[in-house]
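Each residue of the sequence shown is one higher than the last, beginning at 557 in our numbering.
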Amino acid sequence: MRRYKIDKKKKAAAIAYTPDKVAPLLLAAGAGREAGFILEEARKAGIAIVEDAGLASLLLAARPGDYIPPWCWEAAAKILAFVLARENES
Numbered sequence: 557m558r559r560y561k562i563d564k565k566k567k568a569a570a571i572a573y574t575p576d577k578v579a580p581l582l583l584a585a586g587a588g589r590e591a592g593f594i595l596e597e598a599r600k601a602g603i604a605i606v607e608d609a610g611l612a613s614l615l616l617a618a619r620p621g622d623y624i625p626p627w628c629w630e631a632a633a634k635i636l637a638f639v640l641a642r643e644n645e646s
C-alpha cells in the first residue's frame, strides 16, 4: 500500500468536457490527501495533468458532478485547448 504525504497546500481537480455539454463537468476536487488520490488516479489512467493552482482552488467550492462555475470557464478552456493540442501532436 502506498503512503501519502499529507500536504494541506496541495489541491487538485479533475474536469471533463464533451462537445455536447454546455460546459466542462467537475469530476473530482480535493485538497491534501484527496488531491494526492486524484493525481495518482490521473497518472494511472494516463490522463494529462496541468498545474493551475488558482483554478484548482476555485473548483474546490464546486460540487463534483456539476458543471464548473462560469467564472472558471476561461481558465478551463485554456487548459482543455492545451491538452487537446498536445494530444493532436502525438
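Don't be surprised by glycine CBs; every beta carbon is placed ideally from N, CA and C.
Give me the residue from Trp627, Leu595 and Cys628 with the minimum Cα distance to Ala568.
Leu595
Under the assumption that Ala632 contacts Ile624 (Cβ atoms under 8 Å), give the Cβ distance between them as a whole number of angstroms.
6 Å
Nearest to Glu607 (by Cα), restricted to the options Asp622, Leu636 and Leu583:
Leu636
List the endpoints of the continuous beta strand (DSSP E) containing Ala585.
Counting along the chain, the unbroken beta strand (DSSP E) around Ala585 starts and ends at Leu581 to Ala587.
Given this structure, state the Cα-to-Cα distance separating Ala612 from Arg642, to the nearest angstrom.
Taking the straight line from one Cα to the other gives about 21 Å.
Inspect the beta-carbon positions of Leu583 and Ala604 and report whether they are closer than 8 Å.
no
Distance check for Gly610 and Pro626, CA to CA, integer angstroms please.
15 Å
Should Gly602 and Lys566 be called a contact, given that it needs their Cβ atoms to be closer than 8 Å?
Not in contact: Gly602 and Lys566 (Cβ atoms no closer than 8 Å).
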